[in-house]
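Colleague:
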Amino acid sequence: GENVEQHPSTLSVQEGDSAVIKCTYSDSASNYFPWYKQELGKRPQLIIDIRSNVGEKKDQRIAVTLNKTAKHFSLHITETQPEDSAVYFCAALDDYKLSFGAGTTVTVRA
Amino acid sequence: GAVVSQHPSRVICKSGTSVKIECRSLDFQATTMFWYRQFPKQSLMLMATSNEGSKATYEQGVEKDKFLINHASLTLSTLTVTSAHPEDSSFYICSARGRGGGYGYTFGSGTRLTVV
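These protein sequence lines are chains A and B, in that order.
3 is the number of the first residue of the first sequence in my numbering; add one for each residue after it.
41 is the number of the first residue of the second sequence in my numbering; add one for each residue after it.
#1: Along chain B, in chain order, which residues have C-beta atoms closer than 9 Å to that of Ala104/A?
#2: Give me the chain A residues within the contact set of Arg152/B, using Cβ-Cβ distance strictly less than 8 Å, ordered along the chain.
#3: Quick one: which chain B residues come within Cβ less than 7 Å of Pro10/A?
#4: By the 9 Å beta-carbon criterion, what residues does the stretch 67-98 of chain A contribute toward chain B?
#5: So which residues on chain A does Tyr145/B lean against when the C-beta distance must stay under 7 Å?
#6: When DSSP labels each residue in this structure, what does Glu127/B get in the three-state scheme?
#7: List, in chain order, every chain A residue whose beta-carbon is nearer than 7 Å to that of Thr89/B.
#8: Ends of the beta strand (DSSP E) at Ala122/A?
#9: Listing by chain order, which chain A residues have their CB less than 8 Å from the CB of Leu66/B?
#10: Would Tyr27/A and Lys73/A be called neighbours here (beta carbons separated by less than 9 Å)?
#11: Which runs of the beta strand (DSSP E) spanning at least 3 residues fall entirely within the stretch 19-82 of chain A, listed in chain order?
#12: Which residue's Cα is closest to the Cα of Glu7/A: Cys92/A, Ala112/A, Leu100/A and Val110/A?
#13: What is the DSSP secondary structure of Glu62/B, counted as helix, strand or coil?
#14: Tell me whether Glu7/A sits in a helix, a strand or coil according to DSSP, three-state version.
#15: How long is the line joining the alpha carbons of Pro84/A and Asp19/A, rounded to whole angstroms?
#16: Less than 9 Å separating the beta-carbons of Lys133/B and Gly150/B?
#17: Is Leu68/A closer than 9 Å to Gly57/A when the C-beta atoms are compared?
#18: Quick check: the Cα distance between Thr118/B and Ala112/A, rounded to an integer number of angstroms?
#19: Roughly how many angstroms separate the alpha carbons of Leu77/A and Glu62/B, rounded to a whole number?
#20: If you follow the beta strand (DSSP E) that Thr151/B is part of, which residue opens it and which one closes it?
#21: Shortest alpha-carbon distance to Val51/B belongs to which of Phe131/B, Leu116/B, Leu108/B and Arg64/B?
#22: Kindly examine the ligand NAD and report whether one of its heavy atoms sits closer than 8 Å to the Cβ of Lys95/B.
#23: Are there 16 or more other CB atoms within 10 angstroms of the CB of Thr12/A, so buried, or fewer, so exposed?
#24: Comparing C-alpha positions only, which one of Gly148/B, Arg137/B, Phe147/B and His125/B sits nearest to Thr154/B?
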């Protein structure tokens, strides 16, 4: 099965700075890579995703890059704001199942 | 957009009793439902996958007789935790995939189960 590793586990950034979270996956057959934001006690919310035929995707302050050869993908949040504080999960889709990374707790300091 | 309603949001039950969690797709037909468990400060772990009208497929280490999954219709899937024990206390969340597949996975709002 798919194995997704995510780093770092915690990330503290000053408001306005950028945050970067990195994930690697093991199965080269995986073809869809979503990122989720989860607040305490809530459902994961899809914030951005990328398919395997695309190398980069951007949506306002959020961007995701994918390197299929190296089997890693990254989330970039620019101009961070206090409301960006949450747990972020990467995931990889293999055989119609989503495998999640361990999560990154992002804290944006005002 | 696609909506999955999950109930109850919170439940406290006594050890040894059973608890049923429901997930309903409100505006689409959920051909596949995924059930996850999430312990505090941990990731989502897939427990089982169910397709409408067929038996669920359980992940390794998940007891199928303890976590009963029913997906009898295209809009409703249930997870029953039987003979619950304190170690079953967790956040349970469903995710639905609609007809035609694609990449859309819609999460329910989750159920916080506490077994006392």
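Where a beta carbon is used, it is the ideal one built from N, C-alpha and C, also for glycine.
Modeller: Taking the coordinates as given:
#1: By Cβ distance, chain B contributes Gln82 and Ser83.
#2: Correct list: Gly43.
#3: In chain order: nothing, as chain B lies at least about 14 Å away.
#4: Listed by position along the chain: Val89, Phe91, Ala93, Leu95 and Tyr98.
#5: Within chain A, the C-beta atoms nearer than 7 Å to that of Tyr145/B come from Leu100, in chain order.
#6: The answer is helix: DSSP assigns Glu127/B an H, G or I state.
#7: Result: Lys99.
#8: Outside the shown range of chain A, which is 3 to 112, sits residue 122/A, and nothing can be said about it.
#9: Under the 8 Å cutoff, chain A gives no residues; its nearest Cβ is about 14 Å from Leu66/B.
#10: Using a Cβ distance threshold of 9 Å, Tyr27/A and Lys73/A count as a contacting pair.
#11: Segments of the beta strand (DSSP E) lying fully in the stretch 19-82 of chain A: 21-27, 34-40, 47-53, 58-61, 64-69 and 74-79.
#12: When the alpha-carbon of Glu7/A is set against those of Cys92/A, Ala112/A, Leu100/A and Val110/A, the nearest one is in Cys92/A.
#13: In the displayed model, Glu62/B falls within a strand according to three-state DSSP.
#14: In the structure shown, Glu7/A adopts extended strand secondary structure according to DSSP, grouped into three states.
#15: Going by the C-alpha atoms only, they are around 11 Å apart.
#16: Note that residue 133/B is Ile in the sequence shown here, rather than Lys. Result yes, Cβ atoms of Ile133/B and Gly150/B sit closer than 9 Å.
#17: Yes, they are a contact pair.
#18: Between Thr118/B and Ala112/A, the C-alpha separation is close to 43 Å.
#19: So the alpha carbons of these two residues sit roughly 33 Å apart.
#20: It spans Thr151 to Val155 - the beta strand (DSSP E) in which Thr151/B sits, taken as one unbroken run.
#21: For the residues Phe131/B, Leu116/B, Leu108/B and Arg64/B, the minimum Cα distance to Val51/B belongs to Phe131/B.
#22: The ligand NAD is not part of the structure shown, which contains no ligands of any sort.
#23: It is exposed - the Cβ of Thr12/A has fewer than 16 other Cβ atoms within 10 Å.
#24: With distances taken between Cα atoms, Thr154/B lies closest to His125/B.
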